Structure formats: structure tokens, C-alpha cells
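Below: the structure, in C-alpha cells.
Protein chains: 2
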Amino acid sequence: MNNIVMNNVRVAVDNCIFAVRDGRLEVLLIQMKKEPFDFAWALPGGLIEAGETLDGAAARILEQQTGVRDVYLEQLYTFDDRSRDPDGRVISVAYVSLIPWEGRDLKTTDKYRAVQFWDCDRVPSKLAYDHREILDYARNRLAAKIQYTNCVWSLLPERFTLSELQNAYETVLNRNLDKRNFRKKVLSLHLVKPCGEKSSGGRHRPAMLYSFESREPELVEVF
Amino acid sequence: MNNIVMNNVRVAVDNCIFAVRDGRLEVLLIQMKKEPFDFAWALPGGLIEAGETLDGAAARILEQQTGVRDVYLEQLYTFDDRSRDPDGRVISVAYVSLIPWEGRDLKTTDKYRAVQFWDCDRVPSKLAYDHREILDYARNRLAAKIQYTNCVWSLLPERFTLSELQNAYETVLNRNLDKRNFRKKVLSLHLVKPCGEKSSGGRHRPAMLYSFESREPELVEVF
DNA sequence: TCAAAAGTGTTGCAAATACACCCATGT
DNA sequence: ACATGGGTGTATTTGCAACACTTTTGA
């Protein structure tokens, strides 16, 4: 095969990291510092290095650029051919992950200006590269996937209330669910089990805390 | 970025082309002619060329190696890191397609020994590269996908009987369906519409011919 | 007349939906 | 005392699964 051809192809990974906060779906973005995308926001991503697996590169890059680590990254789709990068041809393998919002301290390197979560509905209109397309694709896939797997668990901390769980579903699905039917469903599926109580916070009746029966990926007909 | 690193990565596409024949799910394979995989069977695939999109490369390679053209190819997954190819690092973007069995004349080039459909359950135990893994992955995805989209249409010719349609579903899902319930379902979903009659062939009562309402990809809760 | 596939309805059960009020706590 | 979210049950509807016989044709 022609080496000149092959030298032009580079492989990148880009991560769509979602969290639910306060009834909104948010996505983790970094702010670029180099032309031609100086000041633009982007998904955390970059080129793979020698000897690295795609999965490994995704994890490394995510941690370097945002400080987020130890998350379950799932491959989403491979994007190309949209004159992606002004600097020659790049193929980008996109990854998705869901993480709990609580207590993440985000930190980036001096190669970037900032890192923060953005409300998915209020993301800057121009993202760097084709990251807008990737984000839209990821969000659709997430909404589909949450309906037939137990993957919500990745959005929640170890212990949570049923209202928080319902809120996570409502946020991702972008529709309201009936409280009684919701509770009946998740309990009958044995998705979660109760532990102690919760009084902290709210000026209202304390809620029972639950945890997941399993944090392994499983196929479950949720809705 | 380090050029020595990047020169090591090459990008290939591999196609999983399925058809239903005679109640069996079959997959299109080619027989290799070069070491280290001489005589081994493989999915039709190869390296992408300059200026090609991934989708374009998949279509070109499929036609060159098997003569099959004008099919809807859908990206499946990107595989890597399994010391894939003895000849340096290769990342492979896998594509899936469903085609009608009827009247395809397969032809390959002199770079390969043969091209033919294989019963998925009787594929040679060793396929070239990691193609066994890709095939298994594709088959699972196909079974899942056929349940929530109208994608079966790609397996059938323009006009077909309801029994043929049912047979396609049963083959892909690998389980039997109730005839009356099946007909009720597909008719109530307005997936298909009747046309004329069919007497040809069988020594039995002729069956009504149907065609699809839509051959565009749609989300439909089939089962 | 026989073989082989086409065609056709009803019933029971399970799951989804719709719906409204009292409870416990903090301020 | 009041505001806030926590917690609970029933009735209706809908969709799914199970099931067997008659029809039409070619050989």
C-alpha cells in the first residue's frame, strides 16, 4: 500500500461525558487555547499515541484534559470526512460516558483555557471541529440506551433516593414520568434495594436511600 | 505530534454482509490468497485510500472484492488492539449490511481465491484477522436492531409474501413466531401493503404479495 | 386425493396508564 | 402553620400470547 496515503490519516478520540445536575443534562467541555479554535469550546479529545488502544487513549485524554478518571467509556461511533480538522485528515472515534455530578473537581492543563460542564441545551452554538454533530449523536444514543439497559446507575452516586433516580430518567428522556408507576417499575425489576434513611438537606420528609442491585451493564427493559 | 507514531496507524474497513436463504442466515466471505492468511476466509475489507470517506471506502471495497454494489452500509463498531494484522497496527471500522439473497452474481478479483455466502452457523472456525469477533458482534447487533427498526426490508426483494417476511424475522431472531400474531402485528403497524397475487412455484395455495410502505430507515417497535 | 403452504378470530393474562391524598420535616 | 418533596393503591385499558381449522393449488 501507498505510504504517502497512509501518512495522512490520523486517529483521534473524543469524549462525550454526561452528568445530570439539578434536572438538567450537562456535558463536559474544554475551552481551546490554540488557533484556529482559540476560545472555542470542545469535547475533550485528542490524537492517539503509539501502542495505545482506543479505549486507553480515551481514558488517558479524558483524565489529562479534565481530571475525570475511572469512568466507564463506551465507544459510540467513528466520524470522518467532514474536513474535520484544518490540519489534514483526521478520523475521530467518539466515546460516551455517564458520571455522577457530585464532587468532581475538574482540572485541565495549561494547553486549555478552562474545563466545565455545560447544560446540553445551552451549549455554545459553535463548538470546535464537528463536535456539535458528535454531541447531538451521543445525546440521541443516550436517550435510546437508557431505555433498555441499567446504565443510569453511572449517573448516580452510591446511594440515592428514588426521586433522584426518577429525575435522572426524566432528564435524559426529556419527559415526565408518573411517580407511582415509576417506583412500582424499578422496584418490581429489582433494579435497586433500600438501605438507611436520609434527613440531610431539605425541609421536607426524609427519603429512603437506595443503591443498585448491580452496577454491571445489563439489558433491562426499563420503559 | 510525533510523526513516527502516526505513521504506524492504518485504517481499514471490513464489511459484514448478511442475507437470508432458505431459512438460514448467511454471511458473505472471501477467500484470501496471500500469506499469512492464504486460503483463510475473511470478511471483505481493506485499507482506506486518500480522500475517501469511510462509507465510500466500504462501498468501493465491497464492490471490488465481491461484485456486490448499491447496498446500504451502516457503520457498526471500530475494532483495534488485538495485534490485528501481523503487518503493523491497523484499526478496523466494521460495516454491516443486509441484502436480498436473490440473483446476486458474486465475482472477485485475482487477488482472492473465491467469494461466497456461508451459513453463519457453519463458518470456518478460523477466519482471517479478528473477523470472527467482528462477525459475532455484527450478528448480535443485527438481532437487536431488527426488533426496533424496519430494517428487514433490506433482506427482501421488492415484492414478497408474508411468510417470506416472517421467515426473515425468524431466521435473524433465531426463534419461531406465531403466524397469526405475526400477521396481525405487521399489518397493524402498516409496515407493508398488499399488491397482486402469486401463483408461481409451490404446489399449494398462492400467497398474496406485499411490498413495504417505506424503505427508509425508521424506528418501529416490531417485537 | 394428497401434500403443502395460505389464510383467518377469540380469549385470557399481564403490563401500562391514569389518577389524588396524607406524611414527615425544616423554617 | 405552611411549604416542600416523600410516600402509597386501585381501576381501566391495552397489548401480547396461546391456540386449530378451512382453503387453494399442483402433482
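Chains as they are written, first to last, in my numbering: chain A, -9 to 213; chain B, -9 to 213.
Virtual Cβ for every residue (Gly too), placed ideally from N, Cα, C.
In this text the structure is predicted, and so the values were computed from the model without any measurement.
Fully contained in the region 103 to 153 of chain A are the following alpha helix (DSSP H) runs of length 4 or more, in chain order: 121 to 135. Comparing C-alpha distances from R11 of chain B to each of B:E154, B:E211 and B:M198 shows the shortest one belongs to B:E154.
Judged by DSSP in its simplified three-state form, L209 of chain B adopts strand.
Burial is judged here by how many other beta carbons sit within 10 angstroms of a residue's own beta carbon; Q55 of chain A has at least 16 and is buried.
When the five nearest sequence neighbours on each side are left out, the beta carbons in the same chain lying within less than 6 Å of the beta carbon of L19 of chain A are those of W31 and W108, in order along the chain. The region 113 to 120 of chain B makes contact with the region 28 to 46 of chain B; the number of CB pairs closer than 8 Å reaches 3 or more. The distance from the Cβ of W143 of chain B to that of A9 of chain B is about 13 Å, inconsistent with a contact at the 8 Å cut-off.
Under the three-state reduction of DSSP output, I51 of chain A falls in the helix class.
Excluding sequence positions up to five before and after T151 of chain B, its CB lies within less than 8 Å of the CB of K188, A197, M198, L199 and Y200, all in the same chain and listed in chain order. Comparing alpha-carbon positions, the option among B:N140, B:Q156, B:P207 and B:R195 lying closest to K174 of chain B turns out to be B:Q156. Counting along the chain, R11 of chain A sits inside the beta strand (DSSP E) bounded by residues R0 to R11. The DSSP assignment places 169 to 178 as complete runs of the alpha helix (DSSP H) inside the region 156 to 185 of chain B, in order along the chain (cut-off: 4 residues). Under the criterion of beta carbons closer than 8 Å, V1 of chain B and L37 of chain B qualify as touching, at roughly 7 Å.
Here L199 of chain A carries a coil assignment [DSSP, helix/strand/coil]. Annotation: Cβ neighbours of V83 of chain B in chain A (cutoff 7 Å, chain order): T68.
Collapsing the DSSP output to three states places L44 of chain A in a helix. Chain B has no Cβ within less than 8 Å of the Cβ of V210 of chain A.
About 24 Å separates the beta carbon of I124 of chain A from that of Y159 of chain A, a gap too long to meet the 8 Å contact definition. Between V61 of chain B and N140 of chain B, the C-beta spacing is not below 8 Å.
Contact between C6 of chain A and Y102 of chain A does not hold, since the beta-carbon distance rounds to 17 Å and is not under 8 Å. Annotated three-state conformation of T56 of chain B is helix, per DSSP. Between L44 of chain B and T68 of chain A the beta-carbon gap is near 7 Å, inside 8 Å, which marks them as a contact. Taking 8 Å as the CB threshold, V1 of chain A lines the interface with chain B. Residue burial is scored here from C-beta neighbours: D70 of chain B has at least 16 other C-beta atoms within 10 angstroms and is therefore classed as buried. With distances taken between CA atoms, F202 of chain B lies nearest to B:E148 out of B:H121, B:Q65, B:E148 and B:I89. Assignment of F27 of chain A by DSSP, reduced to helix, strand and coil, places it in the coil class.
Per DSSP, the continuous beta strand (DSSP E) segment holding S87 of chain A begins and ends at V80 to L88. The continuous stretches of beta strand (DSSP E) do not include T99 of chain A, and DSSP gives it neither H nor E. In this structure S87 of chain B is buried. Its beta-carbon is surrounded by 16 or more other beta-carbon atoms within 10 angstroms. In the assembly as shown, C185 of chain B is an exposed residue. Its beta-carbon has fewer than 16 other beta-carbons within 10 Å. If you draw a straight line from the Cα of P26 of chain A to the Cα of N130 of chain B, it is about 42 Å long.
For chain B, the residues of the region 41 to 53 of chain A that bring a beta carbon within less than 9 Å of one of its beta carbons are G41, E42, T43, L44, D45 and G46, in chain order.
Close partners of Q65 of chain B in chain A (Cβ separation under 8 Å): Y67 and T68. Cβ-Cβ distances below 7 Å link L15 of chain A to F8, C110, T161 and V162 in the same chain, with the five nearest sequence neighbours on each side left out; the list follows chain order. Collapsing the DSSP output to three states places V17 of chain B in a strand.
Exclusion of the five residues before and after L96 of chain A leaves T56, G57 and V105 as the residues of its chain whose Cβ lies within less than 6 Å of its Cβ.
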